[in-house]
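Chains as they are written, first to last, in the working numbering: chain L, 1 to 339; chain W, 340 to 678.
Data block below; observations after.
2 protein chains.
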Amino acid sequence: MVSIDEVARRAGVSTATVSRALSGRGHVSDATRERVETAAKSLGYVVSSSASSLASGRTRNIGVLVPFLDRWFFSTVLSGTASALMRRGYDITLYNLTADREQRRSIFETFLRRQRVDGVIAISIELGDEETERLRELGLPVIAIGGPNPRLSTLTVDDVAVARLATEHLIALGHRDIAHIGASPEFDIDFHIPTRRRLGFEQALADAGIPARPSLFEPADFTIEGGFRAAKQLLGRPGERPTAIFAASDEMAIGALLAARELGYRVPEDLSVVGIDGHELGEFFRLTTVDQFPLGQGERAADAILDELEAKDAGTSREEPRHLPYELIVRGTTARLEH
Amino acid sequence: MVSIDEVARRAGVSTATVSRALSGRGHVSDATRERVETAAKSLGYVVSSSASSLASGRTRNIGVLVPFLDRWFFSTVLSGTASALMRRGYDITLYNLTADREQRRSIFETFLRRQRVDGVIAISIELGDEETERLRELGLPVIAIGGPNPRLSTLTVDDVAVARLATEHLIALGHRDIAHIGASPEFDIDFHIPTRRRLGFEQALADAGIPARPSLFEPADFTIEGGFRAAKQLLGRPGERPTAIFAASDEMAIGALLAARELGYRVPEDLSVVGIDGHELGEFFRLTTVDQFPLGQGERAADAILDELEAKDAGTSREEPRHLPYELIVRGTTARLEH
DNA sequence: GCGGCGCATGCAAGCGCTTGCAGTATTCTG
DNA sequence: CAGAATACTGCAAGCGCTTGCATGCGCCGC
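Shown next as C-alpha cells:
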C-alpha cells in the first residue's frame, strides 16, 4: 500500500501538506493542492483509516445498531442509512442486536468501545436503561430512530398520530366496527411503538364516540403469518364481525388480506383493510396504508448524525429532535361501507 | 477512554505485557495474565482498534459487499454473516454495491482501500473483471458467495443441480407440461445464477425426454409481483397450459401461487408450484422449494474467511472452494398429476 | 558445574498519519 | 511605506498500541 510519504515525495512537498491538501483542513495553495491530488491519484493513494483515526481521533465510520437484519422494515431503513453515509464518504459498521442478553452486553461493553466509530445510529431499538447509559458513556453523538427515548436524540414518527390517521380514514368511510391487529400489551422491550399505535387507534375511536370493544382487538407478531392468523380469528368469530381492520403493520395487513380472501370475503367490498409502513408489497396488494418512508428515515438519521459531527467540529450547537413525516396512501383495500 | 498504560500501571507490568496478555500472543505467566485481566476489566479497558490496527496490521473487521440490503435473500445471508463474525469478535463493515457505476468504483477504489478490513465477503455479486482485479489487489482474503468466480475463492451452491432437483421432483410427480419462470437470457451482470437455474431446468427436461417449449418459459424479475405477472401470462395464454411451474426463486413462486388463486386454479390439484431459496414465507404458503439455507451460507462465509485469516497467521495453507448444501423441501404446493 | 535453552518480561522503535508551532512570503491597512 | 495580518509550508511530536530484541532467571543434560 502506498503511503503518504510517497505522495509527498512525488508532489515535492512535506507529508503535512499532503495531509492538509487531501483532507481540506488548513490552508494549501491551489497549485499545491492540485499537485498533491495528481500525485495521490496517480499513485492510487488512499489514506489509511487506522493511522488517520489514531492521529486525528476521527474514524469516518458510523456504527449502526439494528434489531433484525432480515425484516423488511429494518433492512430498508438500513439501506437508506448506508447510501446516505456512503455518499458522504463514511463507512458503516453494523451491529446486529439480538435478544441474547450476553451478546447485547458484549456489543455495548466491547464492540462499541473499540473506538471504531464517530457516532451511533440505533434503528428502532428499545434500549434498557443500562444500555442507554453505556451508549452515553461513549461520548459520541447518538441518533435513535423510532421509540422516543428522552435520554437520546431521536428521530421519531408520531405513532399515535399515524394510527389515528389510519383509523380516522376508516371512520370517515363509515366504518364503526373496526378491528385492530397489533401487539399484545405485554410485549418485548423491542416494541414500544405498537403500544402507541394501539393508543392512536383507541383515541380515534373515542373521538368518534365509538366504544372500544375488546373482542375487536387481536394481538399478532408483526409478520404476514401473524396477521393472517389474527384476521382469521377476527373474521371467524361468531357474532360481531368487523367491517374493517386496522393492522399495526403492512405485513400483518397483508396477512389479513390473504385471510379474508381465503374466507371468501371480498376486499374492499366486504372488508376494508389498512396498514402502516409503506411496505414494498403494498402496491402489489393494492394496500391502503400510512407510509412512513423507511428509506427516508434511514437517510435522515445518517444526515442528522453527520451534521451533528460537523457541527461539533465547527462548534455549532446541535439541532433538536426531529419528527419524521408520514402520509396516508389510499389504494384499493379500503372503501366506503355499504349498508 | 482508558488506555493501555493505565492497565499496565494498575497491574504492575509493562504495556508490552498487557498487550500480550490480552491478545494472547506471546508468553505470559498465568498469574500475570490474571492480574492484567482483572485490571483491564475493572478499568473497563478495551483496546483501541485504530491503534491496534496501525501497530499490528490487523483490524478485526471484515468488509461485506451486498447488492441489495432490502431483499430477503441478501439480508438473510448478511444476518448469518453478521452473527458468525460477531461471535468471533469481529466487526463488520457494510458496503452496499448498487448498480451505479460511479458509486461502485468509489467502493473499490476508495472505501475498500482504506485498510479498514482484514478480508472481504462478497455476497452474490457478479463482479466485473476490473472489480475483481481491484479486489485482488487489496491483497486480502476474499470469499464470494454465489456465482462461481474462477478468480476468487467461492462458496457456491450448484445451481444447475438445484434446478434439476426441483424440476425432477415435478417430473417424478408425472408432470410433463412444466413451465419455468426465471431470468431472461440478457439480464443484468448481477445475475448469473438464474442462467444456471434455467440450464438445470432444461437438462432435467431433456434427460426425461421432454422437449423444451419456449412458450412455457416466462421471464421475471425475482420479485413476488414479477412471479405473479409471469404466472398470469403462462396460465392465461390460450392453448397449452402448464400443469406445473418451476420458479427460479421462492418469491416468484409465491407470486405464481397468488396468480393461480386469482385465476381460480387450485394448488396443488390443478397446478403444482415449486420454488428455490427457502424463503421465510415458504412455510406460510406451504410452498415446496429447494432450500439453500441462506443463513447458513452467511455463517459459512464468515467462518471460511476467519479460518483463512487464522491459517495465514499460522502459515497453514488454505482450503479449496466449498460447495454449499441444498435440500428439496416438499410441502403443499406440489402433487402428483391426476389424469 | 557449566553451557545452553526456553520462558517471562521490559525496552523502545515504530505503524502512518495529523496538527500545533514556527518561519517565510505575501497582502492588507492606514 | 511601515507594521500587521494573513497565507502557505515544514518540522516534529505525538496518537495508543504491537513486537523484535535484549535481559534475567531457572532448569536440563552431560
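For glycine and all other residues, C-beta sits at the position ideal for the given N, C-alpha and C.
This structure is a prediction, so every number in the text was calculated from the model and none was measured.
Contacts between Val385(W) and chain L, judged by CB atoms closer than 7 Å, involve Thr110, Arg113, Arg114 in chain order. Close to Ile431(W), with beta-carbon spacing below 7 Å, are these residues of chain L in chain order: Thr93, Leu94.
Residue contact with chain L for Ile563(W): present (Cβ-Cβ distance below 8 Å to some residue of chain L). Taking a Cβ-Cβ cut-off of 7 Å, the neighbours of Asp409(W) in chain L comprise Trp72, Ser75, Thr76, Ser79, given in sequence order.
In this structure Ile484(W) touches Leu494(W) by the C-beta definition: roughly 5 Å separates them, less than 8 Å.
Glu251(L): member of the alpha helix (DSSP H) spanning 250–262, first to last residue.
A straight line joining the alpha-carbon of Thr32(L) with that of Ser75(L) spans about 44 Å. For the pair Val64(L) and Tyr95(L), the CB atoms are nearer than the 8 Å cut-off.
Residue pairing by DSSP places Tyr434(W) opposite Leu404(W) in a beta bridge. Residue pairing by DSSP puts Ala586(W) in a beta bridge opposite Ile520(W). Put simply, the CB of Leu596(W) is far from chain L, with every gap to its CB atoms at 8 Å or more. When only Cα atoms are considered, Arg196(L) and Phe623(W) end up about 28 Å apart. Excluding residues up to 5 positions away in sequence, Gly365, Val367 lie with their Cβ nearer than 7 Å to the Cβ of Arg359(W) in the same chain. Taking 8 Å as the upper bound for CB-CB distance, Ala586(W) and Ile520(W) are in contact here, some 4 Å apart. A Cβ-Cβ distance of about 20 Å is found for the pair Ile464(W) and Tyr429(W), leaving them out of contact under the 8 Å criterion. For Ser42(L), the uninterrupted alpha helix (DSSP H) run begins and ends at 30–43, by DSSP. DSSP places Asp270(L) in the coil class of the three-state scheme, outside both helix and strand. Between Leu216(L) and Ile178(L), the CB-CB gap stays under 8 Å.
In this model, Arg58(L) and Glu441(W) are separated by some 26 Å (Cα to Cα).
The Cβ atoms of Val416(W) and Gln636(W) lie closer than 8 Å to each other. For Gly621(W), the enclosing alpha helix (DSSP H) stretches over residues 621–624. Note on geometry: alpha-carbon atoms of Arg151(L) and Ala559(W) lie some 48 Å from one another.
Under the DSSP assignment, Ala11(L) falls in the alpha helix (DSSP H) whose first and last residues are 4–11. When CB distances to chain W are screened at a threshold of 7 Å, not a single residue of the stretch 236–262 of chain L falls below it.
Scanning the stretch 546–579 of chain W from its first residue to its last, the whole alpha helix (DSSP H) runs of 4-plus residues come out as 563–575. Residue environment for Pro533(W): buried (at least 16 other C-beta atoms within 10 angstroms of its C-beta). By the neighbour-count criterion, in which a residue is buried when 16 or more other Cβ atoms sit within 10 angstroms of its Cβ, Arg60(L) is buried. Residue state for Leu494(W) is assigned as strand, using DSSP reduced to three classes.
When secondary structure is reduced to three states using DSSP, His192(L) falls in the coil class, being assigned neither helix nor strand.
Annotation for Thr354(W): the continuous alpha helix (DSSP H) segment containing it runs 354–362.
Taking 8 Å as the cut-off, the beta carbon of Leu676(W) is found closer than this to the beta carbon of His514(W). By the neighbour-count criterion, in which a residue is buried when 16 or more other Cβ atoms sit within 10 angstroms of its Cβ, Val456(W) is buried. Judged by pairs of C-beta atoms under 8 Å, the stretch 37–54 of chain L does not touch the stretch 261–272 of chain L, as fewer than three such pairs exist. Going by DSSP, Asp630(W) is part of no alpha helix (DSSP H) but of the beta strand (DSSP E) stretching over 627–630.
Just so you know, the alpha carbons of Val613(W) and Arg568(W) end up roughly 16 Å apart.
The beta carbon of His531(W) sits closer than 7 Å to those of Glu465, Gly486, all from its chain and outside the five residues before and after it, given in chain order.
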